[in-house]
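Numbering (my numbering), first residue to last: 14 to 62.
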């Protein structure tokens, strides 16, 4: 029996027409994943309401 390694992935998200230094804290938004690097993902917000 093998143990799964502890993997802490990170998702980096950008949103058009927003300041990248001001995160969308507490917002749930649809995101399209556009890239992967190892266990980390990068995505772009597809809609902000």
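Every residue gets a Cβ at the ideal spot worked out from N, C-alpha and C, and that includes glycine.
Once you ignore the five residues that flank residue i on each side, which residues in its own chain have a CB closer than 7 Å to its CB?
i	result
residue 52	20, 22
Just grab the DSSP bridge partners of residue i for me.
i	result
residue 25	55
residue 44	58
Please return the same chain residues whose Cβ sits closer than 8 Å to the Cβ of residue i, not counting the five positions on each side in sequence.
i	result
residue 60	42, 43
If you run the structure through DSSP and keep just helix, strand and coil, what is residue i?
i	result
residue 17	coil
Just confirm the distance between the C-beta atoms of residue i and residue j, as a whole number of angstroms; I'd bet it's less than 8 Å.
i	j	result
residue 28	residue 58	4 Å
Take residue i and list the residues in its own chain whose beta-carbon comes closer than 6 Å to its own, dropping the five residues that flank it on each side.
i	result
residue 54	24, 46
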